[in-house]
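Numbering-wise, the sequence shown is residues -9 to 332 according to our numbering.
The beta carbon of each residue, even a glycine, is placed where N, CA and C say it ideally should be.
Values in this document were obtained by computation on a predicted structure and should not be read as measured data.
Each remark here refers to the structure printed beneath this line.
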Amino acid sequence: RIRINGEQIPQIDVVNFVQHNTAVFDQFKPSFFEITTILAFTWFARQQVDIAIIETGMGGRLDATNIIKPEVCLITNVSLDHTQFLGNTVQEIAVEKAGIIKQQVPIVISELQENLTPIYEAKANELHTPLLKAYEYYYCNAIVQNNNKNILDIVRLDTHYTFKFEVDLQGTYQVKNVIGVLSVIDVLKGIGWNITDYSVQQGLAHVQTLSGFKGRWQIVSQQPLIVLDAAHNVAGMQFSMQQLNALNKNIHIVMGMVRDKDITQVLSLLPAHAIYYFCQADSPRAMPADEIQQLALQYHIQSVVIPDVNKALETAKTAASVDDVIWVGGSLYVLGELALNK
């Protein structure tokens, strides 16, 4: 995830960084995410990047990334996740997200969540910060899926001009993210950054290549259709299952989860008519597949337990016809173990 112009940080730079800072790490015991954040900031500074896009790891207010003074901030959406750290309601989590808002640094909200908007507005007013709601400037008029890409018609509301964008991230929920990105670009242009329309077109068309993103409704096979999706919380699973059900195909679901997610809520969103193969990643956080199977019974989900992730997928591929769809997800750990995703 640490890249410049689409190129990953060289391994030698990572090794040198760790060796140089081992004594500091031994003294202060930072988390893995804190170490990678320091690594990214150090490498970006040495490479003298023009713009660095920094994503929070969890929440915002107390996140390791929240030590910078950015040009602009973006909040996408809020759902129940990491509740043991961020709070048990979306309002509590939104307060943590709002912690990235800084004095006189524009903040963009990409998605309308009416019960959360007052939280962002109050924080922005407190810090005398301009707040922009992307959905008041742009909306998606049409979306067409073609050759594993989304073709979006995005309308600018004040001019009624329609932009056509090709996006190589295939989930329909990416529309909301694109609207947020366009608003952020407007802010950057307004403060002097020269970002051409061509650069925007090319950036959106090659998000996966430039960012290394995997597992966001990632199609890796057509016959049968195999979709990898890292959806693991309620909001993400709702979007993913809507798109999956809309395919009108026989569904096979290969799934594993970690213990600290709202597993019962996620299971309640799964289609009962699908064929299930529960697995577990090689991680201490992973919930045993047989425990997921037992929890799923209350939702009338029938399944087989195949703990090994790759064997579970191979079993699903053997059972599926060329016209079926196999959805693999529930955890980034699961997707990370797939041989076809290396």
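Can you name the start and end residues of the beta strand (DSSP E) that residue i belongs to?
| i | result |
| --- | --- |
| residue 145 | 139 to 146 |
| residue 136 | 128 to 136 |
| residue 152 | 151 to 157 |
| residue 312 | Residue 312 -> no beta strand (DSSP E), and no H or E assigned at all. |
| residue 242 | 241 to 245 |
| residue 65 | 63 to 65 |
| residue 98 | 97 to 99 |
Going by alpha carbons, who is nearest to residue i out of the options?
| i | options | result |
| --- | --- | --- |
| residue 180 | 136, 122, 47 and 15 | 122 |
| residue 267 | 290, 299, 56 and 313 | 299 |
| residue 345 | 159, 260 and 108 | One cannot answer for residue 345 here, as it falls past the ends of the chain, which runs -9 to 332. |
| residue 33 | 204, 89, 280 and -7 | -7 |
| residue 165 | 220, 118, 184 and 140 | 140 |
| residue 256 | 282, 265, 8 and 204 | 282 |
| residue 216 | 207, 224 and 202 | 207 |
| residue 9 | -3, 29, 313 and 290 | 29 |
| residue 222 | 102, 209, 324 and 0 | 324 |
| residue 142 | 134, 149 and 148 | 134 |
| residue 144 | 302, 294, 191 and 315 | 191 |
| residue 41 | 26, 49, 59 and 48 | 59 |
| residue 63 | 81, 170, 204 and 230 | 170 |
| residue 69 | 287, 278 and 225 | 225 |
| residue 85 | 248, 109, 103 and 78 | 109 |
| residue 47 | 311, 13, 273 and 24 | 24 |
| residue 11 | 26, 136, 302 and 51 | 26 |
Consult DSSP for residue i and reduce its assignment to one of helix, strand or coil.
| i | result |
| --- | --- |
| residue 48 | coil |
| residue 123 | strand |
| residue 165 | helix |
| residue -9 | coil |
| residue 294 | strand |
| residue 223 | coil |
| residue 21 | coil |
| residue 285 | helix |
In the DSSP assignment, the alpha helix (DSSP H) including residue i goes from what residue to what residue?
| i | result |
| --- | --- |
| residue 320 | Element bounds for residue 320: n/a, residue is neither H nor E. |
| residue 258 | 253 to 258 |
| residue 187 | 187 to 195 |
| residue 208 | Per DSSP, residue 208 belongs to no alpha helix (DSSP H); it is in the beta strand (DSSP E), 208 to 212. |
| residue 94 | Counting along the chain, residue 94 falls outside any alpha helix (DSSP H), and DSSP gives it neither H nor E. |
| residue 80 | 80 to 87 |
| residue 113 | 107 to 116 |
Bridge partners for residue i per DSSP, in chain order?
| i | result |
| --- | --- |
| residue 269 | Note: residue 269 sits in no beta bridge, so no partner. |
| residue 174 | Per DSSP, none; premise fails for residue 174. |
| residue 218 | 208 and 318 |
| residue 276 | 248 |
| residue -2 | -7 |
Taking residue i and residue j to be in contact with their CB atoms under 8 Å, please state how far apart those CB atoms are, rounded to whole angstroms.
| i | j | result |
| --- | --- | --- |
| residue 296 | residue 308 | Contact doesn't hold; Cβ gap of about 11 Å is too wide. |
| residue 241 | residue 214 | Going by Cβ atoms, the distance from residue 241 to residue 214 rounds to 10 Å, so no, they are not a contact pair. |
| residue 156 | residue 194 | 7 Å |
| residue 252 | residue 319 | Going by Cβ atoms, the distance from residue 252 to residue 319 rounds to 15 Å, so no, they are not a contact pair. |
| residue 246 | residue 228 | Wrong, their Cβ atoms sit about 19 Å apart, outside the cutoff. |
| residue 119 | residue 93 | 6 Å |
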